[in-house]
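J.: For reference, the structure I am asking about is given below.
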Amino acid sequence: MQIRLENIIFRYSAGVPVLNDISLDIKKGERVALIGHNGSGKTTLAKHLNGLLRPAAGTIRIDGRKTDTESVARLSGIVALLFQNPDDMIAKRRVWDEVAFGPKNLAYPEGRIKILVAESLALFELLPLQDCNPYDLGYSERKRVALASIIAMDTPILVLDEPTAGMDPREIVLLTGALEKLREDYKTVIIISHDMDFIAELVPRVICLAGGKKRFDGLVRQAFQDQSLLAVCGLLQPQIVRLSTYFRQTEPALTPVEFLENWQRRAK
Amino acid sequence: MPQPEKQSGNATLFIAGKSWLHRLHPFNKLLYILLTGVIIYAGPKGWPVEVFLITLNGIMALTGGVFTAAWRLLWRSLLPLTLFMITIHGFLHADNRIILFSFGRLHFYQEGFVFAINVLLQLNAVLTASLLFVFCTHPADLISAISQAGWPPSLAYLLSSPLLLLPLMHTRIRTIQAAQRSRGLDSEGNFFKRFLALFPLVTPLVLGALVEMEQRSIALEIRGFNAPGPTTSWRTIADSTGQQAARWTMFFLIILLIIGRIFR
């Protein structure tokens, strides 16, 4: 499903707009990162996509249809949103029930719910924990439960707010696997993150926000090469890009593999 | 119509201001509420006293800049009660004798009407005095006043933590609501749907509050909350001999009225 935002303006109260004239297009199946400093408007923008917030001006279209009269409950069947804090979401006493909460609200048939829940639990290695109370689990396990419960909703669009926060490297590998599965299923994924290493490796396109304005929309490689843009958006280059720049590689590497390839090419 | 996510407001009723009422020592305002209550229930009876107190509170609210807010809250809370009380007592009060008017076989009586009006005036007097306190006293000022008076800080914390936690809880409810609505929970529409939508909010709210309470107490503890010896206060609450005298006067008046009531 295609997302189109046209001249979105939003303010929490009369005064400075939190989102100022934001326009963007995201194609079906695309993976995009929303980056920027704290308070730049990333989460506020994400909440517009499923109707939790409504713009003061401008329009949001999903697949050409305006969303301003659609209820959140209806939009939740199209756009799933992962909240930063898993504890804001978790409401059930069993991991399985928690993951099934969204699909049940969306009134999917029982057979489909079982398959979706089992698949999502498997993606995050939660099957052995499916009968546990989510509140008996650790923070990062609860984060995985929250991620699984969003993916189980099987929506064409997913917005993940800080999906890597609090997760260890092994869990981030699980998340990477889940993102691959979503790509195969041709789902649109928007990731909000401060984890620049994660973004450099996994997301081809970034949208940078600063002070509620869109400062950049393009390839991740370009964004990380533009020092003045990074300064305006309060961002740091990923470690691998810094290393690559230090060794004066002509094309800065975004992944360790790219770095080594550059290295070998130069050695030849 | 879909409801966009509302932003959390201030859940306490405090209205920022610099009036004399705001500057007044919190204990004076608290004692004034107590005095009003004691006058109503132990002092001289009759509507002139009640009307005098309500007028006095009205003038204080006016000079304190909180009259409009007080008026708005008052009529909203008292109007339904007024209609209910007048109807019930006018028709059904036990002492009803003199008929004011009738609808067929239903009679509306003077005694019940007078009784309802009297109770409402009494309620109004105490309520307006309380509103002066809650509108013009920041919860933090009350805590500071309690600890400045040499009372244990844990008492101040116990009294004020619900007030200070309210805005936080309010914000949390909104976030949890938003999270559940994002997962397809239909909290819009008819009353029944809204009622059902409340259940998934309870677990995250209660567990979140418990976790928060534990973390808050640990955070306070490691920052020396229970450290022995007197503590210094960042906020100082202005006090004066005049205010102290007024406090003692109110205190003795309350005692006198209570004694008077016992031996009457």
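For the record, the sequence lines run as chains S and Z.
Residues in the first sequence are numbered consecutively from 1, following the numbering used here.
Residues in the second sequence are numbered consecutively from 1001, following the numbering used here.
The C-beta atom is built at its ideal place from N, Cα and C for all residues, glycine as well.
Nothing here was measured: the structure is a model prediction, and the numbers come from that model.
1. If you reduce the DSSP assignment to three classes, tell me which class residue 1246 (chain Z) lands in.
2. What are the residues of the stretch 1162-1192 of chain Z that lie near chain S, defined by any Cβ-Cβ distance shorter than 9 Å?
3. So, do the stretch 1147-1164 of chain Z and the stretch 1089-1105 of chain Z have three or more beta carbon pairs nearer to each other than 8 Å?
4. Residue 105 (chain S) versus chain Z: which residues are under 8 Å apart at the beta carbon?
5. On the CB-based measure, 16 or more other CB atoms within 10 Å of its CB, does residue 1249 (chain Z) come out buried or exposed?
6. Mapping the DSSP letters down to three states, classify residue 1054 (chain Z) as helix, strand or coil.
7. Just the Cα atoms here: how many angstroms apart are residue 1 (chain S) and residue 1079 (chain Z)?
8. Against chain Z, with Cβ distances strictly below 8 Å, would residue 167 (chain S) count as a contact?
9. Could you spell out the range, first to last residue, of the alpha helix (DSSP H) harbouring residue 12 (chain S)?
10. Can the beta-carbon of residue 233 (chain S) be found closer than 8 Å to that of residue 35 (chain S)?
11. List the DSSP bridge partners of residue 1147 (chain Z).
12. In the DSSP assignment, the alpha helix (DSSP H) including residue 1193 (chain Z) goes from what residue to what residue?
13. Under three-state DSSP, which class holds residue 1262 (chain Z)?
14. Would you please verify whether the beta carbon of residue 90 (chain S) is less than 8 Å from any beta carbon of chain Z?
15. Alpha carbon to alpha carbon, how far is residue 1106 (chain Z) from residue 1122 (chain Z)?
16. Is there a Cβ of chain Z sitting closer than 8 Å to that of residue 52 (chain S), yes or no?
17. So what does residue 61 (chain S) bridge to, in DSSP terms?
18. Quick check: the Cα distance between residue 1017 (chain Z) and residue 136 (chain S), rounded to an integer number of angstroms?
19. Give a yes or no on contact between the stretch 1135-1143 of chain Z and the stretch 1222-1231 of chain Z, applying the rule of three or more CB pairs nearer than 8 Å.
20. The alpha helix (DSSP H) with residue 97 (chain S) in it runs from where to where?
21. Do you know offhand how far residue 114 (chain S)'s Cα is from residue 131 (chain S)'s?
22. Spatial neighbours of residue 205 (chain S) within its chain, please: C-beta separation below 8 Å, excluding the five flanking residues on both sides.
23. Could you please give the first and the last residue of the uninterrupted alpha helix (DSSP H) stretch that includes residue 953 (chain Z)?
T.: With the structure as the only source:
1. Looking at residue 1246 (chain Z) - three-state DSSP - the assignment turns out to be helix.
2. Only those residues of the stretch 1162-1192 of chain Z whose C-beta falls short of 9 Å from the nearest C-beta of chain S are listed: 1172, 1175, 1176, 1178, 1179, 1180, 1181, 1182, 1183, 1184, 1185, 1186, 1187, 1188, 1189.
3. Under the three-pair Cβ rule at 8 Å, the stretch 1147-1164 of chain Z does not count as touching the stretch 1089-1105 of chain Z.
4. Correct list: 1183, 1184, 1185, 1186.
5. Exposed: under 16 other Cβ atoms inside 10 Å.
6. Looking at residue 1054 (chain Z) - three-state DSSP - the assignment turns out to be helix.
7. Their Cα atoms are separated by approximately 52 Å.
8. With 8 Å as the cut-off, residue 167 (chain S) does not count as an interface residue toward chain Z.
9. Per DSSP, residue 12 (chain S) belongs to no alpha helix (DSSP H) and is neither H nor E.
10. Going by C-beta atoms, residue 233 (chain S) is nearer than 8 Å to residue 35 (chain S).
11. Beta-bridge pairing links residue 1147 (chain Z) to no other residue.
12. Element bounds for residue 1193 (chain Z): 1191-1196.
13. Reduced to three states, the DSSP call for residue 1262 (chain Z) is helix.
14. Residue 90 (chain S) counts as touching chain Z.
15. Cα to Cα, residue 1106 (chain Z) sits roughly 28 Å from residue 1122 (chain Z).
16. For residue 52 (chain S), the answer is yes, since a Cβ of chain Z falls inside 8 Å of its Cβ.
17. In the DSSP output, where bridge partners are listed per residue, residue 61 (chain S) has S:4, S:66.
18. Whole-angstrom Cα-Cα distance: 46 Å.
19. As far as the Cβ criterion goes, the stretch 1135-1143 of chain Z does not touch the stretch 1222-1231 of chain Z, which means the pair count is below three.
20. Its alpha helix (DSSP H) spans residues 95-105.
21. A straight line joining the alpha-carbon of residue 114 (chain S) with that of residue 131 (chain S) spans about 14 Å.
22. Excluding sequence neighbours, residue 205 (chain S) sits near 30, 31, 32, 33, 217, 218, 219, 220.
23. Nothing can be reported for residue 953 (chain Z): it is not among the residues displayed for chain Z, which extend from 1001 to 1264.
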